[in-house]
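Residue numbers (UniProt numbering): 1 to 726.
All residues carry an ideal CB built from backbone N, CA and C; glycine is no exception.
In what follows, a structure is listed as structure tokens, so that the remarks can point back to it.
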């Protein structure tokens, strides 16, 4: 008989059955009581020689790889489930944020309407901020401050309302307290009912999703099963007896109907168990909701009766109470004090008006003095600006003179250089003339010899002489030409320089003329600024005389202010006397008020103790009811699981009686670590994919024998990953 396998991640919201839960204990299969088996000998390449059949070892390796692949698929499904849950939570969080904003706006509108009813105008909201995302933390200080400010506003408005309402009789107060307690209990039951209904809807939705996924998984079960598992199943089928063969034949017929594989009985059992648990939980929830609806109806009737009794209270009932009389006496006392304060306020207002007029006069005087001072400062500023302009003009003149002197000095040096160059040119010219004179002398002697003799009659010596003379003339000419060329260049350069100097002198003369005209203008401007300075000096003298008059007037105003301060001090002393009298009266009234507060505080203490007692009992009852409902739901789930466990035990007993232990042993050998033969394979090596128990892998790492016992591949301390054979 085939052992069905169920992928763990296919139904994340239900209780799945893994391989460890379906197998018997490993310790029960060890028949020998001796020491644990030693590690078998390895071949030369380090590979383990524990299985004689290489095909079976290959099948085990494929089975391990299939287990790793299914584990990866399980992680992928869990990731998809978590992503869908995150999207759902994001949508719900957005809805809750909008809900909180609406509640905050509703509270603000309620406070405004109550303020309009009490004071005739809405209260100005200083914190008109919208709902902030920083208020979402449960233990956030900002959220606590926000709730504290909101509750303070609501308490202030409610206290103002209660201060305007006459005090009711003790019976009415007790009835109101009872009504408040019933309203609070009703709200608590309504909240609990809504929570239960929402949980029921969520469970129903999860049940539908699980059912749909179960149907999809049932259709794809044949593709989820690995080829290695099918091959091992076929080998296990060959070892069965005739009865098992008949069962296999019957199931092979059903395999023809399906695509590839058989229906997973464990999956059906898990889904059926989860469905029964969900049905039991929903039934228990339905009974609890019905009970809460009955209690809610009862509380609603009591609340309606209490409201009708509270609405029938009249003004006479409020008028006969002690709180109303105390409040009325306090109001009369406050009216008298307000009248006295109004008279004092009128007197102080008149005095303030007189002081305001004096302050206005003094301010006008100070403003006039400040304007005079500003005018004086402006005149001095203009004077300083004129002085600055004059100084700048003088600076420009001095700069121009310095430039002229530097230019004259440069022209002198240039003229001396030009004279020196002319002397050198003269020397060159003299040398050229001397060479020319020598040439002329030779020419004169040659012409004279030519006139006396004929060329044909000239001898060799004479020709040599002529040749020598011509050669000397040629050498003289060659010496004369460079000196003449140099003299010509120098004379041309000097001539052009002279022309440039003449043009520069002319330009300098024109510039000097312009500077002279500018200097004349500066002179006239300086004379004009001098006249302006004299006028400003006369104005300053007039302002000084006026300032003396202002100082004298200020001294007179100071004397008047001193007299006024003395009068004000006298009035302050009189006001202090009146204030002392009012303080004496206030002490007497405060004594009476303290006595009333002591009595009221005693009553409030008793009331608060009773309220705390009632609140604690209500909380205890609510917690007890919630715990009772949770325990009932858990009890129904446990009963369903117990029934399923009993059915599985009966099924296992039947299988054991039929003789399926050999097949289970074959399957168990595939899951046992081949190194120690005691523990399950729960750790896979990343490089080769072989699976061993975590203890053997840690031993290999600690012994520094970090090689796979099956294939001999090396691995590191972080090259292993935990797996689950499911």
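Counting along the chain, the unbroken beta strand (DSSP E) around residue 685 starts and ends at 683 to 685.
With respect to the C-alpha of residue 490, the residue from 424, 596, 650, 302 having the closest C-alpha is 424. When 114, 283, 328, 612 are compared, the shortest CA-CA separation from residue 637 is found for 283.
Scanning 717, 528, 617, 681 for the CA closest to the CA of residue 64 turns up 681. The stretch 470 to 479 and the stretch 505 to 513 do not touch, with fewer than 3 CB-CB distances between them shorter than 8 Å.
Secondary structure of residue 721 (DSSP, three-state): strand.
Between residue 274 and residue 210 the beta-carbon gap is near 7 Å, inside 8 Å, which marks them as a contact. Residue pairing by DSSP puts residue 691 in a beta bridge opposite 684. Distance from the CA of residue 566 to the CA of residue 173, rounded to the nearest whole angstrom, comes to 59 Å. Straight through space, the alpha carbons of residue 383 and residue 515 are spaced by roughly 27 Å.
Residue burial is scored here from C-beta neighbours: residue 629 has at least 16 other C-beta atoms within 10 angstroms and is therefore classed as buried. Here DSSP, grouped into helix, strand and coil, assigns residue 713 to coil.
Within 10 angstroms of the beta-carbon of residue 709 lie 16 or more other beta-carbons, which makes it buried.
Residue 157 is not a Cβ neighbour of residue 190, given a cutoff of 8 Å. Contact check for residue 278 and residue 618: beta-carbon distance about 32 Å, past the 8 Å limit, so the pair fails to qualify. Here the C-alpha atom of residue 536 lies approximately 15 Å from the C-alpha atom of residue 372. According to DSSP, residue pairing for residue 707 in a beta bridge involves 714. By the Cβ test, the stretch 392 to 400 is not in contact with the stretch 544 to 563, since fewer than three Cβ pairs between them sit closer than 8 Å. With a contact defined as Cβ atoms closer than 8 Å, residue 525 and residue 393 qualify at about 7 Å. Note: residue 672 is bridge-paired with 680 in the DSSP secondary-structure output. Residue 466 and residue 460 have their C-alpha atoms spaced approximately 10 Å apart. Your pair residue 436 and residue 480 checks out as a contact, with CB atoms roughly 6 Å apart and the cut at 8 Å. Separation of residue 684 and residue 724 (C-alpha to C-alpha, rounded to the nearest whole angstrom) is 10 Å. Between residue 711 and residue 690 a beta carbon distance of about 7 Å is seen, short of the 8 Å cut, so the two are scored as contacting.
When the five nearest sequence neighbours on each side are left out, the beta carbons in the same chain lying within less than 7 Å of the beta carbon of residue 532 are those of 386, in order along the chain. Going by C-alpha positions, residue 590 is about 15 Å away from residue 601. In this structure, the alpha-carbon of residue 698 lies about 10 Å from that of residue 704. Using a Cβ distance threshold of 8 Å, residue 673 and residue 688 do not count as a contacting pair.
By the neighbour-count criterion, in which 16 or more other beta carbons inside 10 Å mark a residue as buried, residue 633 falls on the buried side. Residue 380 sits in a helix when the DSSP states are folded into three classes. When the Cα atoms are used, residue 428 and residue 434 turn out to be separated by approximately 10 Å. Under the 10 Å beta carbon count, residue 720 is surrounded by 16 or more other beta carbons and is classified as buried.
The closest CA to that of residue 625, considering only 177, 72, 292, is found on 292.
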